[in-house]
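Participant: Line by line, the protein sequences are chains A, B and C. Positions in the first sequence are counted from 1; adding 147 to them yields our numbering. Positions in the second sequence are counted from 1; adding 1090 to them yields our numbering. Positions in the third sequence are counted from 1; adding 253 to them yields our numbering.
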Amino acid sequence: MWLEKFIKRNFISFYKEENYNLLLETVKNKNIINSQKKEFENKKELEKFVIEKINENPQTYTSTVLLTLNQGVINSCQKKDYLKRDIDYNNIQFICINNQYSFYTSIYDLNKTKKEYKFELDFIYSIFAPIDFLAKERKNRFYVLVLKEYLAILGYEDFIPIFSDIITINEKEEEEEEEHIEDIEEIDILDDLTENIEDIEDLDDIEELEEENTTQSSSTNIEVSLLNFVQASLKEYYENYSEDFIEKIIILDTAEISPSITRLLEDEILIPAEYKKIDLLETINRMSVESL
Amino acid sequence: MKIKLNKPNIKIPKITIYGIDVIKNLGFFALYIIITLLAITLIIAPSIKKFKQTQKKYFEAKYEFNMVNNQYNKTLNELKMLKKENAKILNAFRRDFNINNFKNFASQFMEITSIEKNGTKPFKKDFLTTIYFVKSKINSPKDFYDFIDALKNYKYIVKVYFPINFQKEGKKILLTLKLEHYRLKNPKALKAEEKAH
Amino acid sequence: MRVYSFVKPKKKPLLKEDTKLWLIFITISFILYISFGLFLEIKSYLFKKETKELYNQTLTLKHKIIELNKQKEFIYTQKALYEDIMIKNQLVKQQIQNLLDLIPDPITLEKFYIDHNKLIIYGITPTKDVYNLLMLPPLESIFEQTITYFYELPNGWYKFKSENFIKSEDENQTE
Chain A
148 MWLEKFIKRN FISFYKEENY NLLLETVKNK NIINSQKKEF ENKKELEKFV IEKINENPQT
208 YTSTVLLTLN QGVINSCQKK DYLKRDIDYN NIQFICINNQ YSFYTSIYDL NKTKKEYKFE
268 LDFIYSIFAP IDFLAKERKN RFYVLVLKEY LAILGYEDFI PIFSDIITIN EKEEEEEEEH
328 IEDIEEIDIL DDLTENIEDI EDLDDIEELE EENTTQSSST NIEVSLLNFV QASLKEYYEN
388 YSEDFIEKII ILDTAEISPS ITRLLEDEIL IPAEYKKIDL LETINRMSVE SL
Chain B
1091 MKIKLNKPNI KIPKITIYGI DVIKNLGFFA LYIIITLLAI TLIIAPSIKK FKQTQKKYFE
1151 AKYEFNMVNN QYNKTLNELK MLKKENAKIL NAFRRDFNIN NFKNFASQFM EITSIEKNGT
1211 KPFKKDFLTT IYFVKSKINS PKDFYDFIDA LKNYKYIVKV YFPINFQKEG KKILLTLKLE
1271 HYRLKNPKAL KAEEKAH
Chain C
254 MRVYSFVKPK KKPLLKEDTK LWLIFITISF ILYISFGLFL EIKSYLFKKE TKELYNQTLT
314 LKHKIIELNK QKEFIYTQKA LYEDIMIKNQ LVKQQIQNLL DLIPDPITLE KFYIDHNKLI
374 IYGITPTKDV YNLLMLPPLE SIFEQTITYF YELPNGWYKF KSENFIKSED ENQTE
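#1: Would you identify the three-state DSSP class for glutamate 263 of chain A, choosing helix, strand or coil?
#2: Name the residue from A:Ala379, A:Leu214 and A:Asn204 whose alpha carbon lies nearest to the alpha carbon of isoleucine 271 of chain A.
#3: Leaving out five residues before and five after isoleucine 395 of chain C in sequence, what residues of the same chain have Cβ atoms less than 8 Å from its Cβ?
#4: Using a C-beta cutoff of 9 Å, does threonine 207 of chain A count as contacting chain C?
#5: Measure the alpha-carbon distance for glutamate 326 of chain C versus asparagine 1160 of chain B and round it to whole angstroms.
#6: Taking only three categories from DSSP, how would you classify glutamate 415 of chain A?
#7: Measuring straight from C-alpha to C-alpha, what distance separates isoleucine 274 of chain A and glycine 302 of chain A?
#8: Do you know offhand how far phenylalanine 413 of chain C's Cα is from lysine 381 of chain C's?
#9: Would you mind listing the beta strand (DSSP E) stretches within the segment 210 to 243 of chain A that are 3+ residues and don't spill past its ends, in chain order?
#10: With respect to the alpha helix (DSSP H) encompassing glutamine 350 of chain C, which residues constitute its N-terminal and C-terminal limits?
#11: Tell me, please, whether the CB atom of glutamate 403 of chain A is closer than 9 Å to any CB atom in chain C?
#12: Enumerate in chain order the residues of its own chain whose CB-to-CB distance from phenylalanine 365 of chain C is below 8 Å, with the five nearest sequence positions on each side excluded.
#13: Under the assumption that tyrosine 208 of chain A contacts phenylalanine 241 of chain A (Cβ atoms under 8 Å), give the Cβ distance between them as a whole number of angstroms.
#14: For leucine 1047 of chain B, write down the residues that DSSP places opposite it in a beta bridge.
#15: Taking only the alpha-carbon atoms, compute the straight-line gap between proline 1253 of chain B and threonine 378 of chain C and give it to the nearest angstrom.
#16: How would you call tryptophan 149 of chain A, buried or exposed, if buried means at least 16 neighbouring beta carbons within 10 angstroms?
#17: Report the three-state DSSP secondary structure of alanine 282 of chain A (helix, strand or coil).
#18: What three-state label does DSSP hand aspartate 1186 of chain B in the structure shown?
#19: Just the Cα atoms here: how many angstroms apart are leucine 1180 of chain B and lysine 1173 of chain B?
#20: So what does valine 1250 of chain B bridge to, in DSSP terms?
#21: If we count Cβ pairs, one from each stretch, closer than 8 Å, do we get three or more for the segment 1223 to 1232 of chain B versus the segment 1144 to 1151 of chain B?
#22: Report the rounded CA-to-CA distance for tyrosine 257 of chain C versus leucine 267 of chain C, giving the unit in angstroms.
#23: Of all the residues that make up the segment 337 to 364 of chain C, which are near chain B by a beta-carbon distance shorter than 8 Å?
#24: Residues bridged to aspartate 312 of chain A by DSSP?
#25: Taking serine 223 of chain A as the reference, which of A:Pro419, A:Tyr248 and A:Lys295 has the closest Cα?
#26: Return the residues of the segment 1151 to 1174 of chain B that lie within a Cβ-Cβ distance of less than 8 Å from chain C, sorted by chain order.
#27: Are three or more beta carbon pairs between the segment 388 to 406 of chain A and the segment 285 to 296 of chain A nearer than 8 Å?
#28: Determine, for leucine 274 of chain C, whether the minimum Cβ-Cβ distance to residues of chain A falls below 9 Å.
#29: For glutamate 429 of chain A, collect the residues of the same chain with a Cβ closer than 7 Å to its Cβ; drop the 5 residues on either side in sequence, then sort them by chain order.
#30: Compare the C-alpha of isoleucine 416 of chain A against each of A:Leu374, A:Ile404, A:Glu199 and A:Lys231 and name the closest.
#31: Is the shortest distance between the beta-carbon of serine 1226 of chain B and the beta-carbons of chain C less than 9 Å?
#32: Count the other C-beta atoms from every protein chain shown that fall within 10 angstroms of the C-beta of glutamate 397 of chain C, then say buried if there are 16 or more, exposed otherwise.
#33: Can you tell me where the alpha helix (DSSP H) with glycine 1117 of chain B in it begins and where it stops?
#34: Does any CB atom of chain C fall closer than 9 Å to the CB of leucine 428 of chain A?
#35: So, with DSSP's three-state summary, where would you put arginine 156 of chain A?
#36: I'd like to know if valine 1250 of chain B contacts chain C, where contact means its C-beta is closer than 9 Å to some C-beta of that chain.
Following this line, the structure appears as structure tokens:
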């Protein structure tokens, strides 16, 4: 009603990735008039902050995304299609969009998230929902959402998503460190220590190389994981989901990877790629605002 | 040309004591007091005044009504008593003269030879009088006196009037007299009037 | 406006609890004030109505009292008339009694006629003197005018006719 133009509403979106990342936006008449980003190390601080905001303004909406592996999207809303894909229909909760496709998740995960916090959650989204929300090109596209600990892919064939997958990104730093240590041991201690300053210089070089390798390896780690993930998904997609070809891969980045990932993808998979930096919290809030 | 007006940001300091927003509560409290005072002066005080006025007038009216009512009842009772006391007379005034009845009555004292009605005329706006000429025989004047005395208790209102003629005839006296019978002019109309009250 | 969320948002109140409480409290108080004022107004209106009723009833009663008094008066009138008639009857009786008492022994009456203003006696008297001495004076004292006619009877007694007149008001004429 007309009154809603004058109501100030708080929209709080947050998710846990190492720390709790939170975005508070104050919205009046669909315009964002205030924005505040916060990071909390533990859940108690998060709860305290959110509850304080709720007490200040009762028109406060909280939302989060489910960061779990047991969720996905299928291009149907019907029980039989869920059963056809061997999805445990009785233990999932799904939300149907336009009667064309639906997001599903494990009821266990959903309830766990609901009970997780001392305040009530107004919006709980599948990780694929913001992807679908942002997806403008919906024919023969792969969207890859990059988080610090997760990668999610959503594939579109004919204006609706038909393929979804999510993986956690594994850390391989430990292995590489061990290798470096081995390398150092292999250097002959019996060698003349005073042989050359070059030797010491070599050691320094090696150490510098090591550092470069470790810093590079974390971002390349994601890139490598991404590459592998996309390849695996494409294979799965072509085998079981669609006969049409993916014409573009769109990277939605929240973890600050290098935009050159597109070149890597194009070189390796031969599909054009596009890089977009997105803010997941902002996207979630926009979804919440628009759904009211 | 659009002139942009900056919305003045009025910052009201937020003080919380024991978790209660003091400013807001004080503000509402002040609002409450203001509303109460306004209500009292604008609504309640005049209403009370009006109430007292009308109540006073009511009691005055009631008092006067009671007085008049008492007076009415008293008068009514007096009227009833009067009616009761004078029932005989009042009834007598209602009765039409019945010649036979009179003959019976008078036969105690005299022997009636003839009674003649001689016209009715109104008397004193509420009454009618009818004149009868009576010829009778009595044994002695005493009969006549007794007759007159008995008229007191007779159920008609009858006046004995001149001219009176005594004439001896043998042992009896021929008596001629004029009787006037009085009665109310419209007993039924009067009765209806009385019933209306 | 696609709804992506697995859960529906909880309904949010427009006002905070304490604001709501205050507003409810103030509203209820205000309603109470208005109700009280209204109550007093209604009472006043009822009083006014009652007062008007009472005035009307009082007026009616006053009229009724006048009527009752009229009736009382009329009863008195009737009673007075009755008394008057009875008195007059008694008067007639008295008059006749007096008249008959008036007549001395020797004189006998044959007939007499009484009217308002005249008295005519027919009688027999032994002598004129007896009549003149015994009857005439009282007659003259009562009546203004006395005329006596004598007629001698064969046996020496006299038949007399006494006409007596008095100028008096005719009671039955005016009124």
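No residue lacks a Cβ here, since even glycine has one placed at the ideal position from N, Cα and C.
Facilitator: In this structure, then:
#1: If DSSP states are grouped into helix, strand and coil, glutamate 263 of chain A belongs with the helices.
#2: A:Leu214
#3: The residues are Asn417 and Ile419.
#4: By this cut-off, threonine 207 of chain A is an interface position.
#5: Computed Cα separation, rounded: 20 Å.
#6: helix
#7: 14 Å
#8: Each residue's CA atom was taken as its position, placing phenylalanine 413 of chain C and lysine 381 of chain C some 9 Å apart.
#9: 218 to 221
#10: 270 to 355
#11: no
#12: Leu352, Leu372, Ile373, Ile374, Tyr375 and Gly376
#13: Going by Cβ atoms, the distance from tyrosine 208 of chain A to phenylalanine 241 of chain A rounds to 22 Å, so no, they are not a contact pair.
#14: Missing from the structure shown is residue 1047 of chain B; chain B here goes from 1091 to 1287 and no further.
#15: 24 Å
#16: exposed
#17: Residue state, collapsed to three classes: coil.
#18: Reduced to three states, the DSSP call for aspartate 1186 of chain B is coil.
#19: 7 Å
#20: B:Leu1269
#21: Taking 8 Å as the limit for Cβ pairs, the verdict is that the segment 1144 to 1151 of chain B does not touch the segment 1223 to 1232 of chain B.
#22: 24 Å
#23: Close to chain B, meaning a Cβ-Cβ distance shorter than 8 Å, are the following residues of the segment 337 to 364 of chain C: Ile338, Met339, Lys341, Asn342, Gln343, Val345, Lys346, Ile349, Gln350, Leu353, Leu362, Glu363 and Lys364.
#24: A:Ile300
#25: A:Tyr248
#26: Ala1151, Lys1152, Glu1154, Phe1155, Val1158, Asn1159, Gln1161, Tyr1162, Thr1165, Leu1166, Glu1168, Leu1169, Leu1172 and Lys1173
#27: yes
#28: no
#29: Leu170
#30: For the set A:Leu374, A:Ile404, A:Glu199 and A:Lys231, the Cα lying nearest the Cα of isoleucine 416 of chain A is the one of A:Leu374.
#31: no
#32: exposed
#33: 1112 to 1129
#34: no
#35: strand
#36: Judged by the 9 Å Cβ criterion, valine 1250 of chain B is in contact with chain C.
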